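So for the sequence shown, the numbering used here puts the first residue at -15; every next one is plus one.
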Amino acid sequence: MCTAGLMVNRQVTADEAALGAHPALEEGAWFYRGYTQMDDQQHTITSLIDALTVLDALEATP
């Protein structure tokens, strides 16, 4: 499984967030041992965006 798949599996779903104290803040976040850090999410999102750039370039190659 790729890193993107791992991160999607770790994301808090809407149903899971609904059970938390702050559903609007929890949905879509990544928690590790009960904590989430903004830089963890920024690094993950940046790597996924970079992967899209590479995939787009591969698709454009004849």
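Every residue gets a Cβ at the ideal spot worked out from N, C-alpha and C, and that includes glycine. Computed from a prediction, not measured in an experiment: that's the story for all the values here.
{"Check": "Residues near Q(-5) by beta carbon distance below 8 angstroms, same chain, minus five either side", "Outcome": "G12, A13 and W14"}
{"Check": "Q(-5) - partner residues in DSSP beta bridges", "Outcome": "W14"}
{"Check": "C-beta contact flag for T55 and M(-9) at 9 angstroms", "Outcome": "What the structure shows of the chain is the stretch from -15 to 46, and residue 55 is not part of that stretch, so it cannot be assessed."}
{"Check": "Separation of H6 from A(-2), as counted between CA atoms", "Outcome": "11 angstroms"}
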